[in-house]
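Colleague: FYI, in mature numbering (1 follows the signal peptide of the UniProt record, and there is no 0) the residues of the sequence shown are -16 to -1, 1 to 406. Can you read through this structure? Questions will come right after.
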Amino acid sequence: MRAAFVFLGVFPLARAFSEGLKAVTRVEDAVYYASHHDGNVLIRFDNFSTEIVAGSADGQPGDADGTGTDALLHGPQGLAFDGNKSIYFVDTFNSKLKRFDVEARSVETVAALGNASAVDSNKQGSNQRSNGAPFPIAVDVDAATRLAFVSLKYGKAVVAVDLDAAEKVNKRVDAPPWALPFLNTTVTTVDLGCGTLSKPHGVAIRANGRLLLADDDAGVKLADLRGGTCRSLPWTTNGSFAFRDAAWVDDSVALLMERKAAGTVYAVDVDADRSRAIFGGGEERDCWKDGAGAVDGPGSGFWKAMSLSYRPGSLAVADTGGNFLRRLALDPADAFRDARATTVPCYLARHKFARCNAGTIEHYACGLGDGPYPQQLPPCAACMNASLGTWCACDAYRDAAWCAPRVAALTPRQRAYVASLN
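Okay, here's the thing in structure tokens:
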């Protein structure tokens, strides 16, 4: 098939990254940051532009604090926005928790979490286990107590990091009792009361001290840090699931990412033991499909989804297998209704399609925005897939104010390609 060379905006990315978009967090309306595990970078994207904001532009692994591409990372994964100006993320192979300042675009190390992996290692597996590297994989931040909770996949633990410990801050008088044991020490292992953990992945902390842990094939655990109790959500522990992430909607309702195969998002009420698949499902595949609800069969739902980031009425999912950001529109009044998905391949990427499309393509593409449920993005799913993600190639939007400058800037070759899509 012919390759796509649609250029809509400025994308200062020096290389095309293969599979590895691992985590995403929303900073403000239509502004997201993602970690690219194999590319060793953090990426910022909004409606019209995408750029590497931390890590070597050519993907060189390393471990160095600094600004922009002077900072070196090695396999970054989970990240969380603190609601102010900081994104905390785990630099997995360096076994560190780091902070990215969204204004200064600087990276600084917050805490070392254990042995680092070999510099030339960029894959999970025996290297991390053999040298005792804990493999930090996810993080969530409680803004009120300034505590970050980090899951250690091979360390089989969750640790709490006091983000203000280095400043010698006394225990906050307004801190809830559940938080006091973790304050004024940099890194503390959290006794969840859950027994031995399997492969801890996504972690989600609520201000009331409730913590959700996606423990891969061992199910999802709900720990109450106030009372030191823990229980597994019963339906998640039958061995047929592999839970990778979790996000709170309110004090009792949460969203879970399961990816034994391609990936399924579940809504769950942890107090009523109610659950429902709201998007995804089916066998692991080499393609994806936008649409609504949980569906089965080739070409439907996710490709290989790994993590999620929630905001009221909207869910961003890192669909790792396809290098896509997936936007799911949720009913803000009822999280158990079918979610509607739209693909946002919002940076230069290389994708290989074995079933949906033959061959390998490279593309520049971007288009996302926040709006009312259920139509959060332009209703252009069919055109999205046909145009490899280019909103401005759609008849209904190419004359829109935000598209016109991009279309006008196309070269004749690019313009011909856009015209061929309709």
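The beta carbon of each residue, even a glycine, is placed where N, CA and C say it ideally should be.
(1) Which one of 244, 323, 142, 311 has the shortest CA to CA distance from residue 15?
(2) Using alpha carbons as the reference points, say which of 37, 145, 38, 224 lies closest to residue 96.
(3) Can you have a look at residue 255 and say buried or exposed, based on whether 16 or more other CB atoms are within 10 angstroms of its CB?
(4) CA-CA distance, residue 73 and residue 164?
(5) Which of the three DSSP states, helix, strand or coil, is assigned to residue 120?
(6) Where DSSP assigns a beta bridge to residue 130, which residues make up the other side?
(7) Quick check on the DSSP output: the beta strand (DSSP E) that includes residue 239 runs from which residue to which?
(8) Just how far apart, CA to CA, sit residue 87 and residue 70?
(9) What is the residue span of the beta strand (DSSP E) that residue 20 lies within?
(10) Taking the alpha-carbon positions, what's the residue 339 to residue 211 distance?
(11) Can the beta-carbon of residue 75 be found closer than 8 Å to that of residue 63?
(12) Can you list, in chain order, the residues of its chain whose CB lies under 6 Å from that of residue 242, leaving out five sequence neighbours each side?
(13) What first and last residue would you give for the beta strand (DSSP E) that runs through residue 214?
(14) When DSSP labels each residue in this structure, what does residue 164 get in the three-state scheme?
(15) If I follow the unbroken beta strand (DSSP E) through residue 61, where does it start and stop?
(16) From residue 286 to residue 60, what does the alpha carbon distance come to, in whole angstroms?
(17) If you draw a straight line from the alpha carbon of residue 302 to that of residue 24, how long is it in whole angstroms?
(18) For residue 319, which residues in the same chain have their Cβ closer than 6 Å to its Cβ, ignoring the five residues on either side in sequence?
(19) Express the C-alpha separation of residue 44 and residue 180 in angstroms, rounding to a whole number.
(20) Tell me which residue opens and which closes the beta strand (DSSP E) that residue 182 is part of.
(21) In terms of alpha-carbon separation, which member of 183, 188, 177 lies closest to residue 215?
(22) Excluding sequence positions up to five away, which residues of its chain have a Cβ less than 7 Å from the Cβ of residue 85?
(23) DSSP beta-bridge partners for residue 35?
(24) Give me the residue from 138, 167, 137 with the minimum Cα distance to residue 128.
(25) Using CA atoms only, rank isn't needed, just tell me which of 202, 209, 213 is closest to residue 219.
(26) Between which two residues does the beta strand (DSSP E) holding residue 82 run?
(27) When you compare only the Cα positions, how much space is there between residue 172 and residue 299?
(28) Taking the straight line between their C-alpha atoms, what separation do you get for residue 138 and residue 122?
(29) For residue 126, count the other beta carbons within 10 Å of its own beta carbon; 16 or more makes it buried, fewer makes it exposed. Which is it?
(30) If you drop the 5 nearest sequence neighbours on each side, which residues of the same chain put their C-beta closer than 6 Å to that of residue 37?
(31) With residue 259 and residue 185 assumed to form a contact (beta carbons below 8 Å), what rounded beta-carbon distance in angstroms separates them?
(32) Considering only C-alpha positions, which residue in the set 190, 209, 131, 174 is nearest to residue 161?
(33) Distance, Cα to Cα, residue 141 vs residue 170?
(34) Just how far apart, CA to CA, sit residue 330 and residue 9?
(35) Using a threshold of 8 Å, state whether the C-beta atoms of residue 235 and residue 190 are closer than that.
(36) Contact check, residue 93 vs residue 49 under 8 Å by CB: the rounded distance?
Modeller: Based on what the coordinates show:
(1) Working through the sequence shown from its first residue, we reach residue 15 at position 31. It is 311 whose Cα lies nearest to the Cα of residue 15.
(2) For the purposes of this step, residue 96 is identified with residue 112 of the sequence shown, where counting begins at 1. The residue with the shortest Cα to Cα distance from residue 96 is 145.
(3) As a working mapping, residue 255 is identified with position 271 in the sequence shown. Burial call: exposed.
(4) The residue labelled residue 73 in the question sits at position 89 within the sequence shown. The residue labelled residue 164 in the question sits at position 180 within the sequence shown. Spanning the two alpha carbons is a distance of roughly 23 Å.
(5) For the purposes of this step, residue 120 is taken as the residue at position 136 of the sequence shown. Reduced to three states, the DSSP call for residue 120 is strand.
(6) By one-based count along the sequence shown, residue 130 stands at place 146. Residue 130 is not bridged to any residue.
(7) As a working note, residue 239 is residue 255 in the sequence shown. 237 to 242 is the span of the beta strand (DSSP E), which, as asked, contains residue 239.
(8) The residue labelled residue 87 in the question sits at position 103 within the sequence shown. The residue labelled residue 70 in the question sits at position 86 within the sequence shown. Answer to the nearest angstrom: the Cα atoms are 9 Å apart.
(9) Residue mapping note: residue 20 aligns to position 36 of the sequence shown, counting from 1. 15 to 20 is the extent of the beta strand (DSSP E) around residue 20.
(10) One-based indexing of the sequence shown puts residue 339 at position 355. One-based indexing of the sequence shown puts residue 211 at position 227. Only weak support is given to the placement of residue 339: the predicted model assigns it a pLDDT of 31, under 50, and the question is left unresolved by the model.
(11) For the purposes of this step, residue 75 is taken as residue 91 along the sequence shown, with counting starting at 1. For the purposes of this step, residue 63 is taken as residue 79 along the sequence shown, with counting starting at 1. For residue 75 and residue 63, no; Cβs fall outside 8 Å.
(12) As a first step, residue 242 is located in the sequence shown; it is residue number 258 there, counting from the start. Here the set comprises 225, 227, 248.
(13) Start at 1 with the first residue of the sequence shown, and residue 214 comes out as number 230. Taken as a continuous stretch (DSSP letters only), the beta strand (DSSP E) holding residue 214 covers 213 to 216.
(14) To locate residue 164, count along the sequence shown from 1; it is residue 180. Helix.
(15) By 1-based counting over the sequence shown, the position of residue 61 is 77. Run containing residue 61: 60 to 65, per the beta strand (DSSP E) assignment.
(16) As a first step, residue 286 must be located in the sequence shown, where it is residue number 302. As a first step, residue 60 must be located in the sequence shown, where it is residue number 76. Cα to Cα, residue 286 sits roughly 22 Å from residue 60.
(17) Residue 302 sits at position 318 when you count from the first residue of the sequence shown. Residue 24 sits at position 40 when you count from the first residue of the sequence shown. Their Cα atoms are separated by approximately 16 Å.
(18) Taking the sequence shown and counting its residues from 1, the one referred to as residue 319 is at position 335. Taken in chain order, the residues that qualify are 233, 237, 251.
(19) As a first step, residue 180 is located in the sequence shown; it is residue number 196 there, counting from the start. As a first step, residue 44 is located in the sequence shown; it is residue number 60 there, counting from the start. The alpha-carbon atoms of residue 180 and residue 44 are separated by roughly 36 Å.
(20) If you number the sequence shown from 1, residue 182 lands on position 198. Here residue 182 belongs to no beta strand (DSSP E), and DSSP marks it neither H nor E.
(21) Residue numbering aside, residue 215 sits at position 231 when the sequence shown is read from its first letter. Of 183, 188, 177, the residue nearest in Cα terms is 177.
(22) As a position in the sequence shown, residue 85 is number 101, starting the count at 1. Hits under 7 Å: 69, 70.
(23) Here residue 35 is taken as the residue at index 51 of the sequence shown, counted from 1. Answer is 28.
(24) Residue numbering aside, residue 128 sits at position 144 when the sequence shown is read from its first letter. Minimum Cα-Cα distance from residue 128 among the listed residues 138, 167, 137 corresponds to 167.
(25) Position 235 of the sequence shown, counted from the first residue, corresponds to residue 219. It is 202.
(26) For the purposes of this step, residue 82 is taken as the residue at position 98 of the sequence shown. Unbroken beta strand (DSSP E) run through residue 82: 80 to 85.
(27) To locate residue 172, count along the sequence shown from 1; it is residue 188. To locate residue 299, count along the sequence shown from 1; it is residue 315. Answer to the nearest angstrom: the Cα atoms are 30 Å apart.
(28) Translated into the one-based positions of the sequence shown, residue 138 becomes position 154. Translated into the one-based positions of the sequence shown, residue 122 becomes position 138. Their backbone Cα atoms lie some 12 Å apart in a straight line.
(29) To locate residue 126, count along the sequence shown from 1; it is residue 142. Buried: at least 16 other Cβ atoms inside 10 Å.
(30) The sequence position of residue 37 within the sequence shown is 53, counting from 1. These residues qualify, in order along the chain: 26, 28, 89.
(31) Residue mapping note: residue 259 aligns to position 275 of the sequence shown, counting from 1. Residue mapping note: residue 185 aligns to position 201 of the sequence shown, counting from 1. Wrong, their Cβ atoms sit about 18 Å apart, outside the cutoff.
(32) Position 177 of the sequence shown, counted from the first residue, corresponds to residue 161. Of the listed residues, the one whose Cα sits closest to residue 161 is 209.
(33) By 1-based counting over the sequence shown, the position of residue 141 is 157. By 1-based counting over the sequence shown, the position of residue 170 is 186. Going by the C-alpha atoms only, they are around 16 Å apart.
(34) Taking the first residue of the sequence shown as 1, we reach residue 330 at position 346. Taking the first residue of the sequence shown as 1, we reach residue 9 at position 25. Residue placement at residue 330 is poorly supported in this model, since its pLDDT is 38, which falls under 50; the coordinates are not used for a value here.
(35) Residue 235 sits at position 251 when you count from the first residue of the sequence shown. Residue 190 sits at position 206 when you count from the first residue of the sequence shown. Closer than 8 Å, so yes.
(36) As a first step, residue 93 must be located in the sequence shown, where it is residue number 109. As a first step, residue 49 must be located in the sequence shown, where it is residue number 65. Their Cβ separation, rounded to whole angstroms, is 6 Å, which keeps residue 93 and residue 49 in contact under 8 Å.
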